[in-house]
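Asker:
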Amino acid sequence: MPHSPLLASLGRHKLTVLLMVMQVALTCAIVCNVAAILGHRVAQLGLPSGVAEDELVMLESINVDASSDPLVRHDTDLAALRQLTGVRSAAAIDALPFNSNNWSNGIALEPKGDMRAVATAFNGTRGELDTLGLRLVAGRDFLPDEYLPVGSTRDWDGINKVPATIVTRALAQQLFPGQDPLGKVIYPGDGPVRIVGVVGHLLRPMLDESAGNEYATVFPMLPDGSSVTYVMRTAPQDRERVLQQAMARLAQLDGNRVLRRPQTFMQLREDYFRRDRTMISLLLAAALGLLLVTAAGIAGLASFWVQQRRRSIGIRRAVGATRRDILRYVQTENFMIVSGGIAIGVVLAYALNVLLMQHYALQRLPVFYLPLGAVALWLLGQLAVLGPARRAASVPPVVATRSG
1258 MPHSPLLASL GRHKLTVLLM VMQVALTCAI VCNVAAILGH RVAQLGLPSG
1308 VAEDELVMLE SINVDASSDP LVRHDTDLAA LRQLTGVRSA AAIDALPFNS
1358 NNWSNGIALE PKGDMRAVAT AFNGTRGELD TLGLRLVAGR DFLPDEYLPV
1408 GSTRDWDGIN KVPATIVTRA LAQQLFPGQD PLGKVIYPGD GPVRIVGVVG
1458 HLLRPMLDES AGNEYATVFP MLPDGSSVTY VMRTAPQDRE RVLQQAMARL
1508 AQLDGNRVLR RPQTFMQLRE DYFRRDRTMI SLLLAAALGL LLVTAAGIAG
1558 LASFWVQQRR RSIGIRRAVG ATRRDILRYV QTENFMIVSG GIAIGVVLAY
1608 ALNVLLMQHY ALQRLPVFYL PLGAVALWLL GQLAVLGPAR RAASVPPVVA
1658 TRSG
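Residues in the sequence shown are numbered consecutively from 1258, following the working numbering.
#1: Which first and last residues belong to the beta strand (DSSP E) in which R1621 is found?
#2: Establish whether the CB of L1636 and some CB of chain B are separated by less than 7 Å.
#3: Does G1546 pass the burial test, meaning 16 or more other C-beta atoms within 10 Å, or should it be called exposed?
#4: Residues bridged to R1574 by DSSP?
#5: Based on DSSP bridge pairs, tell me the residues matched to V1424.
#6: Select from D1334, S1651, L1283 and N1356 the residue whose C-alpha is nearest the C-alpha of L1460.
#7: For A1293, name the three-state secondary structure that DSSP assigns.
#8: Do you know offhand how far I1416's Cα is from A1631's?
#9: With a threshold of 6 Å on Cβ separation, who are the neighbours of L1311 within its own chain once the five nearest residues in sequence on each side are excluded?
#10: If V1407 sits next to M1478, beta carbons under 8 Å apart, how far is it from one beta carbon to the other, in whole angstroms?
#11: Looking only at its chain, what residues have a beta carbon closer than 7 Å to the beta carbon of L1510, apart from the 5 residues adjacent to it on each side?
#12: Distance check for H1616 and A1608, CA to CA, integer angstroms please.
#13: Which residues mark the beginning and the end of the alpha helix (DSSP H) in which Y1529 is found?
#14: Using a threshold of 7 Å, state whether the C-beta atoms of I1313 and R1490 are closer than that.
#15: Quick one: which unbroken alpha helix (DSSP H) runs of 4-plus residues sit fully inside the segment 1293-1370? Chain order, please.
#16: Between the alpha carbons of P1623 and T1551, how many angstroms are there, rounded?
#17: Taking 8 Å as the limit between beta carbons, can you name the residues of its chain near S1560, skipping five residues before and five after?
#18: Our contact map puts D1398 next to G1454 with C-beta atoms below 8 Å; I'd like the distance itself, whole angstroms only.
#19: Classify Y1586 as helix, strand or coil using the three-state DSSP reduction.
#20: Suppose you measure from the CA of Q1524 to the CA of R1383; what does that come to, to the nearest Å?
#21: For F1522, collect the residues of the same chain with a Cβ closer than 6 Å to its Cβ; drop the 5 residues on either side in sequence, then sort them by chain order.
#22: Would you kindly check if the distance between the Cβ of T1377 and the Cβ of A1473 is under 7 Å?
#23: For R1490, report the span of its beta strand (DSSP E) as first-last.
#24: Looking only at its chain, what residues have a beta carbon closer than 7 Å to the beta carbon of L1540, apart from the 5 residues adjacent to it on each side?
#25: What's the gap between the Cα of S1261 and the Cα of L1619?
#26: If you draw a straight line from the alpha carbon of A1348 to that of D1528, how long is it in whole angstroms?
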């Protein structure tokens, strides 16, 4: 059927058409941004942490005796933990992926130079890489004489003295794109630190919306604060037993401490993403609800128009229009309204994304969500109008002869 009558018909209902176009536009803008947020969050749920997740157990020890030497205490505790049946290795650390204990440093390539990246500092006792299951893809582990205290009582000044570091592959590519990072010098503090190794993956303790979730450095710095996390590597089937024995053994060694948060790494990961899973469910429900409301609006408007046009539809049938012509007419009319909403919605989607980036540090809206959103709304519109369109197509020509 020609489009000129269709355009003329839409022109006679400007306000109604405008309201429906704006509803589709707002739905497009919101759904595209929600889909981008959901896609990013779901991707984060499956990010590899870089550690041997199903083999790790941990607990936090807080010393209440300020007179004891923390480095001596850690050595004693670790020696006892390594003797437990089933413990392959153990280390004292200050940070883990998903434990939210994030100590970040700006990384420069020259003294007092411009910051090239912000990376988390992971510190631990000897054997940290083996205990966590970190895989070196280049270089070596730390040497015994490279270890020194963090210096927590001296404003963590160990970062200014540490001689070597192991970095993640993602950080190495950011700092030295296309180059071999081994032997290169970086400045996470005041002094130079030489890169001696590269690990494939290691997530930061707290994830964000940026591309820097794998920007991490491992330093040979011994935790020397009152609180430390002991991590043990064991077989998956032995995790619960090892945790119970570790709690009992440490309490036996020194009762003047607080032991808390005994858990497996899998439990740590589950706890970290609990809020994300809740948010994903809420956002998904909100997006589906908005789509249903829009579909109901499209269907309601189409039903109203079909009812109002029954006589004119009968006249068209009487002068030769087929059922298929009427069906195509109603669907084309809906397609034009939805297309107008999508065109405005694309602009609103980017405007909303800029607002979210400014106030909530969200990532830029990937372009491919826009055509996906458009196709989803076109399909939704056609499905929503299908019932009214079929009712319109079933109007008999005899209706044209009826008055009123």
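The C-beta atom is built at its ideal place from N, Cα and C for all residues, glycine as well.
Answerer: On the basis of the supplied data:
#1: Against the sequence shown, residue 1621 aligns to sequence position 364. Note, R1621: premise wrong, no beta strand (DSSP E); not H, not E.
#2: Protein chain content of the structure displayed is limited to a single chain, and chain B is not contained in it.
#3: Your numbering for residue 1546 matches position 289 in the sequence shown. Exposed.
#4: Against the sequence shown, residue 1574 aligns to sequence position 317. R1574 is not bridged to any residue.
#5: One-based indexing of the sequence shown puts residue 1424 at position 167. V1455 and T1474, per the DSSP bridge assignment.
#6: As a first step, residue 1460 must be located in the sequence shown, where it is residue number 203. Among D1334, S1651, L1283 and N1356, the Cα nearest to that of L1460 is on N1356.
#7: Position 36 of the sequence shown, counting from 1, holds the residue named residue 1293. Reduced to three states, the DSSP call for A1293 is helix.
#8: In the sequence shown, counting from the first residue as 1, residue 1416 sits at position 159. In the sequence shown, counting from the first residue as 1, residue 1631 sits at position 374. Approximately 51 Å, taken between the alpha carbons.
#9: For the purposes of this step, residue 1311 is taken as residue 54 along the sequence shown, with counting starting at 1. According to the sequence displayed, residue 1311 carries Asp and not Leu. Cβ neighbours of D1311 beyond the five flanking positions: P1493.
#10: Mapped onto the sequence shown, residue 1407 falls at position 150. Mapped onto the sequence shown, residue 1478 falls at position 221. The Cβ separation is near 5 Å, so the contact holds.
#11: In the sequence shown, counting from the first residue as 1, residue 1510 sits at position 253. T1333, D1334 and A1337.
#12: In the sequence shown, residue 1608 corresponds to position 351, counting from 1. In the sequence shown, residue 1616 corresponds to position 359, counting from 1. C-alpha separation (whole angstroms): 13 Å.
#13: Your numbering for residue 1529 matches position 272 in the sequence shown. Segment F1522 to Y1529, the alpha helix (DSSP H) holding Y1529.
#14: As a working mapping, residue 1313 is identified with position 56 in the sequence shown. As a working mapping, residue 1490 is identified with position 233 in the sequence shown. Note that residue 1313 is Leu in the sequence shown here, rather than Ile. Closer than 7 Å, so yes.
#15: Taking only runs of at least 4 residues, the alpha helix (DSSP H) segments lying wholly in the segment 1293-1370 are 1327-1339.
#16: For this step, residue 1623 is matched to residue 366 along the sequence shown. For this step, residue 1551 is matched to residue 294 along the sequence shown. P1623 and T1551: Cα-Cα distance of roughly 24 Å.
#17: Here residue 1560 refers to the residue found at position 303 of the sequence shown. G1644, P1645 and R1648, listed in sequence order.
#18: Numbered from its first residue, the sequence shown carries residue 1398 at position 141. Numbered from its first residue, the sequence shown carries residue 1454 at position 197. That belief holds up - the Cβ atoms of D1398 and G1454 are roughly 7 Å apart, short of 8 Å.
#19: The residue given as residue 1586 occupies position 329 in the sequence shown. Y1586: helix per DSSP, three-state reduction.
#20: As a position in the sequence shown, residue 1524 is number 267, starting the count at 1. As a position in the sequence shown, residue 1383 is number 126, starting the count at 1. Rounded to whole angstroms, Q1524 and R1383 show a C-alpha spacing of 25 Å.
#21: Counting from 1 along the sequence shown, the entry for residue 1522 is found at position 265. These residues qualify, in order along the chain: E1310 and L1313.
#22: The residue given as residue 1473 occupies position 216 in the sequence shown. The residue given as residue 1377 occupies position 120 in the sequence shown. Yes, the pair counts as a contact, with Cβ atoms nearer than the cut-off.
#23: Position 233 of the sequence shown, counting from 1, holds the residue named residue 1490. Here the beta strand (DSSP E) through R1490 covers S1484 to T1491.
#24: Taking the first residue of the sequence shown as 1, we reach residue 1540 at position 283. Taken in chain order, the residues that qualify are V1291, I1294 and L1295.
#25: Residue mapping note: residue 1261 aligns to position 4 of the sequence shown, counting from 1. Residue mapping note: residue 1619 aligns to position 362 of the sequence shown, counting from 1. Legend: pLDDT at S1261 = 46, less than 50; position of this residue unreliable, no value from coordinates given.
#26: Counting from one through the sequence shown, the residue named residue 1348 turns up at place 91. Counting from one through the sequence shown, the residue named residue 1528 turns up at place 271. When rounded, the distance between both Cα atoms is 22 Å.
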